[in-house]
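K.L.:
So that we are looking at the same thing, I have put the structure below in structure tokens.
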Amino acid sequence: YHINYIEFADELFMVFPERTMALCEALKPLKIKWNCSGRLNIAKPKVLKAMRESGCVFINYGIESVDDGVLERMNKQLTVKQIISGVEATLEAGISPGLNMLWGNIGDTVHTLRKAEHFLLKYDDHTQMRTIRPVTPYPGCDLYYEAIKQGKLKDVADFYEKHMNSDLLTVNFTDIPDEEFHRQLYKANKLLISEYYYQERTSTYKRAKALYAGDTFFRGFRQT
1 YHINYIEFAD
11 ELFMVFPERT
21 MALCEALKPL
31 KIKWNCSGRL
41 NIAKPKVLKA
51 MRESGCVFIN
61 YGIESVDDGV
71 LERMNKQLTV
81 KQIISGVEAT
91 LEAGISPGLN
101 MLWGNIGDTV
111 HTLRKAEHFL
121 LKYDDHTQMR
131 TIRPVTPYPG
141 CDLYYEAIKQ
151 GKLKDVADFY
161 EKHMNSDLLT
171 VNFTDIPDEE
181 FHRQLYKANK
191 LLISEYYYQE
201 RTSTYKRAKA
211 LYAGDTFFRG
221 FRQT
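So for the sequence shown, the UniProt record's numbering puts the first residue at 1; every next one is plus one.
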């Protein structure tokens with residue numbers, strides 16, 4: 001079937017470095033591109049180098065927050081120092097990192113939102129549009145039972161009644177009123193979206209300039 005790209009839908013892909021390295025060796029002769037999910041506390045240069053050399057182009061990381069207090073309350077078992085180290089090592093290896101960020105957890109404030117916003121602006125490689133989403137207490141997780149305990153949800157049916165989509169609040173665990181919460185989230189995401197399209201515009205200008213200077217690698221703007 002001439003397969004040239006694989007997505008490994010395995011959240012434990014990088015948990016065992018020896019297994020990861022062995023898989024990378026097996027993938028090398030295939031000369032394909034691939035992506036996976038990973039954890040930043042085990043994103044080490046040696047493993048990342050092997051992954052890149054075997055065709056890895058993207059690792060999806062669930063960062064969630066860049067505030068140690070919020071991470072601890074989430075039982076994320078991850079620190080901001082580990083997050084920064086892992087993201088920088090991933091970029092250094094030539095792999096694009098997926099920077100997934102949430103806001104609205106227990107302990108979150110406007111200040112922690114600004115921290116997330118600044119982190120994304122600093123480390124985003126602009127291969128994807130990054131936005132910050134509100135936390136969602138899906139039935140069965142600890143946060144769901146915390147919402148029940150706090151009287152913010154009644155049961156599973158109540159959750160699905162309130163859960164419109166993953167970009168809107170289902171349950172507000174902060175001290176910020178819902179309207180202000182969405183206003184602040186819009187403000188942060190507006191900046192992130194604007195930055196993404198600014199970079200896209202700049203990149204397109206550069207490709208156009210190269211095209212008219214004789215570089216025909218870029219086919220042009222119209223594809224039909």
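The beta carbon of each residue, even a glycine, is placed where N, CA and C say it ideally should be.
Among Tyr196, Tyr198, Tyr197, Leu169, which residue has its Cα nearest to the Cα of Gln184?
P.N.:
Reading the sequence shown from its first residue, position 184 is the one you call residue 184. The candidate whose alpha carbon is nearest that of Gln184 is Leu169.
K.L.:
Kindly examine the ligand ADP and report whether one of its heavy atoms sits closer than 8 Å to the Cβ of Leu192.
P.N.:
Absence of the ligand ADP is noted for the structure shown, with no ligands found whatsoever.
K.L.:
I believe Cys24 touches Ala50 by the beta-carbon criterion, under 8 Å. Please report the beta-carbon distance rounded to the nearest angstrom.
P.N.:
For the purposes of this step, residue 24 is taken as residue 24 along the sequence shown, with counting starting at 1. For the purposes of this step, residue 50 is taken as residue 50 along the sequence shown, with counting starting at 1. That pair is a contact at about 4 Å.
K.L.:
Over what stretch of residues does the alpha helix (DSSP H) that includes Pro139 continue unbroken?
P.N.:
To locate residue 139, count along the sequence shown from 1; it is residue 139. Neither: Pro139 is in no alpha helix (DSSP H) and is coded neither H nor E.
K.L.:
For Pro134, count neighbouring Cβ atoms within 10 angstroms of its own Cβ and tell me buried if that reaches 16, exposed if not.
P.N.:
What you label residue 134 is simply residue 134 of the sequence shown in a count that begins at 1. Burial call: buried.
K.L.:
Less than 7 Å between C-beta atoms, sequence neighbours within five positions excluded: which residues of the same chain meet that for Ser166?
P.N.:
By one-based count along the sequence shown, residue 166 stands at place 166. Excluding residues within five positions, the ones whose Cβ falls inside 7 Å are Arg133, Thr136.
K.L.:
Across which residues does DSSP place Tyr5 in a beta bridge pair?
P.N.:
For the purposes of this step, residue 5 is taken as residue 5 along the sequence shown, with counting starting at 1. Its beta-bridge partners are Lys33.
K.L.:
Sort Glu11, Ala210, Asn4, Ala22 by Cα distance to Trp34 and report the nearest one.
P.N.:
Looking up residue 34 in the sequence shown gives position 34. For the residues Glu11, Ala210, Asn4, Ala22, the minimum Cα distance to Trp34 belongs to Asn4.
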